[in-house]
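Trainee: If you count the sequence shown from 1, position 177 lands on 177 in this note's numbering, and the numbers rise without skipping.
Ideal placement from N, C-alpha and C gives every residue a C-beta, glycine not left out.
What you are looking at is a predicted structure, and each value in this text was computed from that prediction instead of being measured.
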Amino acid sequence: MFGSRFAYWQVFLLLFGLTCLNPGPLLAAEKAPNLDKVVAFLDQLFRSKTSISSIEMEVTTPNWERSMTMELYTAGMDKTFVRIHSPKKDKGVATLRVSAEMWNYFPKINKVMKVPPSMMMSSWMGSDFTNDDLVKETSLLEDYNAKMLPPDVLNPQVLSVELTPKANTATVWGKIVILGDKDTWIPFEEVFYDEKGQAMRVMKLLEVKKFGDKTMPSVMEIVPLNKEGHKTRIVYKSAQFDIKLPEDTFSLRNLQRQQ
1 MFGSRFAYWQ
11 VFLLLFGLTC
21 LNPGPLLAAE
31 KAPNLDKVVA
41 FLDQLFRSKT
51 SISSIEMEVT
61 TPNWERSMTM
71 ELYTAGMDKT
81 FVRIHSPKKD
91 KGVATLRVSA
101 EMWNYFPKIN
111 KVMKVPPSMM
121 MSSWMGSDFT
131 NDDLVKETSL
141 LEDYNAKMLP
151 PDVLNPQVLS
161 VELTPKANTA
171 TVWGKIVILG
181 DKDTWIPFEE
191 VFYDEKGQAM
201 RVMKLLEVKK
211 FGDKTMPSVM
221 EIVPLNKEGH
231 KTRIVYKSAQ
241 FDIKLPEDTF
251 SLRNLQRQQ
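#1: Candidates I234, M119, N34: which alpha carbon is nearest V172's?
#2: What's the gap between the Cα of D143 and the Cα of V177?
#3: Taking the straight line between their C-alpha atoms, what separation do you get for V98 and V115?
#4: Quick one: residues in its chain with C-beta nearer than 8 Å to the C-beta of M102, no 5 flanking neighbours on either side, listed in chain order?
#5: If distances are taken between C-alpha atoms only, which option among I84, A167, G197, M77 comes closest to Q258?
#6: My output table needs one value for W103: the three-state DSSP class, helix, strand or coil.
#7: Sort out for me which residues DSSP pairs K111 with in a bridge.
#8: Sort out for me which residues DSSP pairs E65 with in a bridge.
#9: So, does the segment 72 to 82 touch the segment 35 to 54, judging by three or more C-beta pairs under 8 Å?
#10: Return the chain-ordered list of same chain residues with a C-beta closer than 7 Å to the C-beta of L255, the five sequence neighbours on each side being excluded.
#11: Quick check: the Cα distance between D282 and L141, rounded to an integer number of angstroms?
#12: Which word fits W124, buried or exposed, when buried means at least 16 other C-beta atoms lie within 10 angstroms of its C-beta?
#13: Quick check: what's the CA-CA separation for V82 versus V153?
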């Protein structure tokens, strides 16, 4: 009897001891954030009901470098307006997106050109950002299936979310993996994979700052993994959220307005 009682306590202590020493899975299950809320937060990280941002963009390649300044206006997820202020040769170039439609305006030739859906993944102004990156035609919450990846034992503070496009989503990405802070949900890295599972580009989100009531990364860096020596860096110099915008902000008339 003593032997069986001793064996029982061995098993009890082993199980209880392991649970006490390694409560991670139980606590993780209790504290796991709501996935839809996390993805919705990521969708709105650089947006709100309305926003105005002043941005600097630097494009680096092995052969040349260029920098631009611009203003970015948004309303929800459906409307975006961008106007370039410098350099002089690009001043007045503007981009407008309303729902699924997008236009570019080129003041030198005074012409508006509509961007077809097939061009949404093309480079914007020679940068490593695509048209879709800039205007966010796709919504992470509505156009992707999301799942929480298991926590990294070595980095338990990191929240990992994997996004795979739904069948009707227009994108070249097979999946996107977003790494962020477990407590704040603010991302610090996004890795984009092609349909074969090959990592194609990495976006770093750096220098978290507070703009009004919103806390977000103020720097975005994209490095395409298939283009050695290429990098695009966007810096938010200022940003205002939930402010009243002129009624014609997202109009073709405003797109062609001379500065």
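Mentor: Quick look at the numbers:
#1: Considering only alpha carbons, the answer is M119.
#2: For D143 and V177, the distance between alpha carbons rounds to 15 Å.
#3: Between the alpha carbons of V98 and V115 lies a gap of roughly 12 Å.
#4: Counting only Cβ-Cβ distances below 8 Å, and skipping sequence neighbours, we find T95, L96, K114, V115, M120, N131, V135, E137.
#5: Closest by alpha carbon: I84.
#6: It is a strand residue.
#7: Partner(s): F106.
#8: DSSP output for E65 lists T60 as bridge partner(s).
#9: Taking 8 Å as the limit for Cβ pairs, the verdict is that the segment 35 to 54 does touch the segment 72 to 82.
#10: Answer for L255: A94, L96, W103, Y105, V112, listed in chain order.
#11: The question about residue 282 has no answer, for the chain in this structure spans 1 to 259.
#12: Here W124 is buried: its Cβ has 16 or more other Cβ atoms, across all protein chains shown, within 10 Å.
#13: Computed Cα separation, rounded: 42 Å.
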